[in-house]
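Okay, so here's the structure we're looking at.
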Amino acid sequence: METEKIIETIHMISDENLDVRTITMGISLLDCIDSDSTRACDRIYNKIMTKAKNLVKVGEQIEAEYGIPIINKRISVTPISIIAAASADQNYLKYAQTLDRAAKELGVNFIGGFSALVQKGYQTGDLKLIRSLPQVLDETDLVCASVNVGSTRSGINMDAVAEMGKIIKDASERSFMTNTKMVVFCNAVEDNPFMAGAFHGVGERDTVINVGVSGPGVVKHALENVRGESMDVVAETIKQTAFKVTRMGQLVGTIAAERLGVPFGIVDLSLAPTPAVGDSVAQILEEIGLESVGTHGTTAALALLNDAVKKGGIMACSHVGGLSGAFIPVSEDAGMIAAVNAGTLNIEKLEAMTAVCSVGLDMIAIPGDTPADTISAMIADEAAIGMINNKTTAVRILPIQNKKVGETVEFGGLLGYAPIMGVNKASSTRMIARGGLIPAPIHSFKN
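Residue 90 in numbering that gives the first Met the number 0 sits at position 91 of the sequence shown; the count goes up by one each step and never skips.
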């Protein structure tokens, strides 16, 4: 590398919050299936401990040798609803406790894959897993969960949407932190390294390393140098910056995979913010020219940002995957929080933004007395956006007990804090009670 490029990268890391947000090892558990849940859990534990035994050590070695911060070391596994379906267990807490024990002993930050894929209906283990979620999330520390309720090819499973509203409500009554570890998806991807929605898809290799890179501060700094220039220049600047960030992610992923003796999977270039000053997607949008995120023009600016990030990433690495784009979680983004507090950003505008960003309604705190049917309706809206637009959307809604609009809740760490946001008071009960399947859109039939 040229000296100038090395210095530029060092500056990005030290001054602009550039980091590798996660190296995530995906591990298939298909060969751990057994009708005896005790035997299955023993196999799961042994495989995870064997495959990931050096994951944290290798991550720390790369940090020390290259000076690149690697914030999280994580594991994702095959959706547990598939693995546990062979057993007669009526509750899958035992499987979750096995994942939690392995994650703690290995020293990873999170383990994802306590998941179910129910976009077209329930299979044997799906409903058991879903109904065990509140207890699992409350009684484990590092286990993350996800449920895919819809897809462009299948439509939206409204029975699952209704059920997830109740599950989120139940989980919130146990602890305000439980729902931070659970995501409801439409069009979930099989190689996502980011939590809480990561799982290892059945179409993936036995073991793989996926990398998630994030650099909102780097993009904002680059845009500061082109103030007043046309949107063409803005898009080109973002593309060039995303290229550099993705190259760093590919380097880390390739080295980690080689040292761990597993294949390198993908780089997920998602602009994932943190509460740190200058590490905000909202502030990128404001640098593009908005007085405050949430005002008119926000969706257009976010669309430009998301597209330019993907274009730059694809040029840098032939294996870009996961979600790759811009995340808009409220609690994790200082600019989003400021906009909510200023009254320029509400849930309705956030929903519109999810049509053009990487995920959806993420880390949004709402009053604890919000009805389960209203939560289900919010999930249905997001799933519809994902289904119609053939993109991934997700919901991580956090009902906070005994909190009202305008108050705040502190989550800590990378999760930050969130203002309690208001929701529409009109009822969606009769719609949610219908159940059934919202059919797939006509453009899904492409064979």
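The beta carbon of each residue, even a glycine, is placed where N, CA and C say it ideally should be. All of these numbers come straight from a predicted model, not from anything done at the bench.
Straight-line measurement puts the Cα of residue 187 at about 20 Å from the Cα of residue 302. Residue environment: residue 208 is assigned as buried (16 or more neighbouring CB atoms within 10 Å of its CB, all protein chains considered). According to the DSSP assignment, residue 131 belongs to the alpha helix (DSSP H) that extends over 125 to 138. Counting C-beta pairs closer than 8 Å gives three or more between the segment 371 to 386 and the segment 422 to 431, which meets the contact rule. Here DSSP, grouped into helix, strand and coil, assigns residue 175 to coil.
For the 8 Å CB-CB criterion, residue 339 and residue 329 form a contact. A residue is called buried when at least 16 other Cβ atoms come within 10 angstroms of its Cβ; residue 59 does not meet this threshold and is exposed. When secondary structure is reduced to three states using DSSP, residue 257 falls in the helix class.
Judged by DSSP secondary structure, residue 206 falls within the beta strand (DSSP E) whose first and last residues are 206 to 213. Collapsing the DSSP output to three states places residue 35 in coil. In terms of Cα proximity to residue 29, the closest of 115, 350, 394, 77 is 77. Within the same chain, 379, 431, 433, 434, 435, 436, 437 come within 8 Å of residue 157 by CB-CB distance, once the 5 residues on both sides are set aside.
Residue 280 is a Cβ neighbour of residue 326, given a cutoff of 8 Å.
With contacts defined by Cβ atoms closer than 8 Å, residue 272 and residue 215 form a contacting pair.
Per DSSP, residue 99 has no beta bridge partner at all. Here residue 84 is buried. Its C-beta has 16 or more other C-beta atoms within 10 Å. Here the C-alpha atom of residue 407 lies approximately 29 Å from the C-alpha atom of residue 73. With a cutoff of 8 Å on beta-carbon distance, residue 292 and residue 334 are scored as near each other.
Here residue 246 is buried: its Cβ has 16 or more other Cβ atoms, across all protein chains shown, within 10 Å.
Proximity to residue 304 across 405, 177, 94, 352 peaks at 352, based on C-alpha coordinates. DSSP, read as helix, strand or coil, puts residue 406 in coil.
Beta-bridge partners assigned by DSSP to residue 149: 155, 185. The alpha-carbon of residue 252 is positioned some 6 Å away from that of residue 210. Between residue 269 and residue 357 a beta carbon distance of about 6 Å is seen, short of the 8 Å cut, so the two are scored as contacting.
By DSSP's assignment, residue 91 forms no beta bridge with any residue.
Rounded to the nearest angstrom, the Cβ distance from residue 142 to residue 98 is 5 Å, consistent with a contact under 8 Å. For residue 344, there is no enclosing beta strand (DSSP E), as DSSP marks it with neither H nor E. The C-alpha of residue 23 is placed about 11 Å away from the C-alpha of residue 70. When the alpha-carbon of residue 397 is set against those of 331, 103, 62, 367, the nearest one is in 367.
Comparing C-alpha distances from residue 164 to each of 139, 132, 150 shows the shortest one belongs to 132.
About 11 Å separates the Cβ atoms of residue 102 and residue 113, ruling out a contact at the 8 Å cut-off.
Inter-residue distance for residue 402 and residue 52 is about 42 Å (C-alpha atoms, whole angstroms). For the segment 350 to 436, the continuous beta strand (DSSP E) assignments of 3+ residues that do not extend past its boundaries occur at 360 to 366, 392 to 399, 407 to 409, 416 to 418, in sequence order. Counting C-beta atoms within 10 angstroms of its own C-beta, residue 220 has 16 or more neighbours from the protein chains shown and is therefore classed as buried. In the structure shown, the three-state DSSP call for residue 305 is helix. About 16 Å separates the Cβ atoms of residue 287 and residue 344, ruling out a contact at the 8 Å cut-off.
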